[in-house]
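S.K.:
2 protein chains.
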Amino acid sequence: MYELFFQKLNEKILFSEEEQTIIKGYLTTKKIRRKQYLLQEGDVCKTLAFVEKGALKEYTVDEKGAEHILQFALEGWIISDLYSFMTGEPATYNIEAIEDSEVVLITKSAQEEIFKKVPKYESYSRMQITGAYLAMQKRVNSLISLSLEERYLYFTSLYPTIVQRVPQHMIASYLGLTPETVSRIRKKLAAK
Amino acid sequence: MYELFFQKLNEKILFSEEEQTIIKGYLTTKKIRRKQYLLQEGDVCKTLAFVEKGALKEYTVDEKGAEHILQFALEGWIISDLYSFMTGEPATYNIEAIEDSEVVLITKSAQEEIFKKVPKYESYSRMQITGAYLAMQKRVNSLISLSLEERYLYFTSLYPTIVQRVPQHMIASYLGLTPETVSRIRKKLAAK
DNA sequence: TCCTTTTCTTGATTTTGGTCAATGTTTTTT
DNA sequence: AAAAAACATTGACCAAAATCAAGAAAAGGA
Numbered sequence: 001m002y003e004l005f006f007q008k009l010n011e012k013i014l015f016s017e018e019e020q021t022i023i024k025g026y027l028t029t030k031k032i033r034r035k036q037y038l039l040q041e042g043d044v045c046k047t048l049a050f051v052e053k054g055a056l057k058e059y060t061v062d063e064k065g066a067e068h069i070l071q072f073a074l075e076g077w078i079i080s081d082l083y084s085f086m087t088g089e090p091a092t093y094n095i096e097a098i099e100d101s102e103v104v105l106i107t108k109s110a111q112e113e114i115f116k117k118v119p120k121y122e123s124y125s126r127m128q129i130t131g132a133y134l135a136m137q138k139r140v141n142s143l144i145s146l147s148l149e150e151r152y153l154y155f156t157s158l159y160p161t162i163v164q165r166v167p168q169h170m171i172a173s174y175l176g177l178t179p180e181t182v183s184r185i186r187k188k189l190a191a192k
Numbered sequence: 001m002y003e004l005f006f007q008k009l010n011e012k013i014l015f016s017e018e019e020q021t022i023i024k025g026y027l028t029t030k031k032i033r034r035k036q037y038l039l040q041e042g043d044v045c046k047t048l049a050f051v052e053k054g055a056l057k058e059y060t061v062d063e064k065g066a067e068h069i070l071q072f073a074l075e076g077w078i079i080s081d082l083y084s085f086m087t088g089e090p091a092t093y094n095i096e097a098i099e100d101s102e103v104v105l106i107t108k109s110a111q112e113e114i115f116k117k118v119p120k121y122e123s124y125s126r127m128q129i130t131g132a133y134l135a136m137q138k139r140v141n142s143l144i145s146l147s148l149e150e151r152y153l154y155f156t157s158l159y160p161t162i163v164q165r166v167p168q169h170m171i172a173s174y175l176g177l178t179p180e181t182v183s184r185i186r187k188k189l190a191a192k
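Top to bottom, those sequences are chains A and B.
Taking the working numbering, I'd label the letters of the first sequence as residues 1 to 192.
Taking the working numbering, I'd label the letters of the second sequence as residues 1 to 192.
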C-alpha cells in the first residue's frame, strides 16, 4: 500500500529500513471513489495526500459556478491545500477524485514528529516543495508569455499522461480557457 | 549591511548570536546600479540574492523582443533563477535592477555548509520556499480565474508598494497584459 | 536647466477568444 | 440493454483585448 510513497522517497535521498519504519508508523491510507471529495472549501485541510493510485484535481469555484483547476495529481504526486494545512485556516480549494483513487495521508503533527525523528525527511520535504515551486513558476511563465496554442502544446508535451486520462474540459479549465477554445486549438493542430 | 537579512531570519525562527555569526561568514554583498544585470539568460546562476535595498525584476524575453516579468523583488525578498541555482544548468531568466540596489549573496556551497552547521537554517529555508510556492499558486489562480480588472485590483491590493515604485508597463508585463490595457483599466477604475 | 529617453494615454482598427445554442458522441449508471 | 449524464464539436455572433500610431507628460542624465 505504501510502495510508491517509499519508492519516491528513496529516489531523492536514501532512507534506512529503520527510518522507513518510523515514517510508516505515522502514515494512514484512504480510498476515494470517483467524484468524491478529499477536501471541501471551508473545511480545514488536515493532511497532505500522496497519490498511490488514481487521479485527483484541486480547484476553486467562482461566483458563476465555473470551476478553475489549480492542480492535477496522478500517481506519485502530492496534493493538499497547503495554506490551510500549514495554518489551520479553512481551505479555499476543493480536492476531488477524478478516478477511484488511493492516497497516503500525513497530518501536520505526524509531519512534525517525522521531522524530529528523521531529520533527513525535512531535507526531502524541502526538495519536494522546491520542485513544486519551480513547476508553478513555469506555469506562470506559460500563462503570461505564450499564445493559447503554445500553452496547450506546452501542457501536452509536459503532461502527456494527464491528457490521456483527464477529460478535455478539465484541461481547458487548468489552462484558463473555455472547452470550445481547446476544441478549436486541437482541430487547428490536427490540420497541420 | 546584513541588518534586514538577519531581521527576516529571526522573524520565523530565532537564531543565536553564534549561529548568526556562522551564517554571516558565508555571505557576501553586492551593489547593482539601475538597469544593470544581476544575472543574464545563459549564464549559470551562482547565488541566491536577498534584497537589502532597492528593487529588481526577473524576466524572459520572447522572440518578438517582448519582456515577461516573472517576479519583482523589493527589500526583504529573495530573487534567483532557482532552477539554474539548484542544477548548475544555464539560466533561462534575466535579473535586472529597477533601482540602485544592494543584495546579500549566498552561493550553493555556502548554503550547503550552512545547512550542515546550522540545521535550523534548513527549516527556515523550507518555510521560505513554502511561502514562495503559496504566493505563486495564488498568482496562477488569479491568472486562470479572474477578469483582467480583478487581476489588476488583486495585484494592487497585494503589493501597493510595488505599484508605487515600479513603472506601469512592468506591472502590465507581470500581469500578462499590454500597457495600453492597464492604462484603460486604471481609467475605468478612476471613473468609479 | 535643457535635452533625451522613458513612460503613459488616447483613438482607430483588427484579431482573438468567449458566449450561446444546437447536435452528435461517448461514458456511466441503473 | 436502455436511459441518462457527461463530454466534445461546430457555427454564428459578440465582446474584449491586442495592435498600430500619435502625441503628451514625466523622469533621468548631462
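Every residue gets a Cβ at the ideal spot worked out from N, C-alpha and C, and that includes glycine.
Just to confirm the assignment, what range does the alpha helix (DSSP H) spanning Ile144/B have?
M.R.: 120-145
S.K.: Just to make sure I have the definition right: I need the residues of chain A whose C-beta is within less than 8 Å of the C-beta of Asn141/B. Which are they?
M.R.: Thr60, His68, Leu70
S.K.: Taking the C-alpha atoms as reference points, what is the distance between Gly131/B and Ala191/A?
M.R.: Distance between the alpha carbons of Gly131/B and Ala191/A: 44 Å.
S.K.: Measuring CA to CA, which of Ser125/B, Tyr83/B, Tyr159/B is closest to Glu11/B?
M.R.: Ser125/B
S.K.: What are the partner residues of Gln71/B, as DSSP defines its beta bridges?
M.R.: Answer by DSSP bridge pairing, in chain order: Glu58/B.
S.K.: Give, in chain order, every residue of the stretch 118-151 of chain A whose Cβ lies closer than 8 Å to some Cβ of chain B.
M.R.: Pro119, Glu122, Ser123, Ser125, Arg126, Ile129, Thr130, Ala132, Tyr133, Leu134, Met136, Gln137, Arg139, Val140, Asn141, Leu143, Ile144, Ser145
S.K.: Looking at C-alpha atoms only, which residue of Glu52/A, Gly25/A, Cys45/A, Gly42/A is the closest neighbour of Ile32/A?
M.R.: Glu52/A
S.K.: Exposed or buried, what is Thr28/B when buried is set at 16 or more other beta-carbons lying within 10 Å of its beta-carbon?
M.R.: exposed
S.K.: For the stretch 2-45 of chain B, list the alpha helix (DSSP H) runs that are entirely contained and at least 4 residues long, ordered along the chain.
M.R.: 3-12, 17-24
S.K.: Of the choices Gln20/B, Gln7/B, Lys8/B, whose alpha-carbon is the least far from that of Lys117/B?
M.R.: Gln20/B
S.K.: So if I threshold CB-CB distances at 9 Å, which residues from the stretch 152-164 of chain A count as touching chain B?
M.R.: none
S.K.: In three-state terms, what does DSSP make of Glu112/A?
M.R.: helix
S.K.: Who are Lys53/B's beta bridge partners in DSSP?
M.R.: Glu102/B
S.K.: Within the chosen definition, does the stretch 78-90 of chain A reach the stretch 32-51 of chain A through at least 3 CB pairs nearer than 8 Å?
M.R.: yes
S.K.: If you reduce the DSSP assignment to three classes, tell me which class Glu180/A lands in.
M.R.: helix
S.K.: What residue range does the beta strand (DSSP E) around Glu96/B cover?
M.R.: 94-97
S.K.: What residue from Glu112/B, Gly42/B, Leu134/B, Leu56/B has the CA that sits closest to Ile69/B's CA?
M.R.: Leu56/B
S.K.: Considering only the alpha carbon of each residue, which of Met1/B, Val140/B, Val44/B, Tyr59/B lies closest to Glu96/B?
M.R.: Tyr59/B
S.K.: Starting from the Cα of Leu158/A, find the closest Cα among Asp62/A, Lys138/A, Leu105/A and give me that residue.
M.R.: Lys138/A
S.K.: For Tyr83/A, go through chain B and note every residue whose CB falls closer than 7 Å to its CB, in chain order.
M.R.: Leu134
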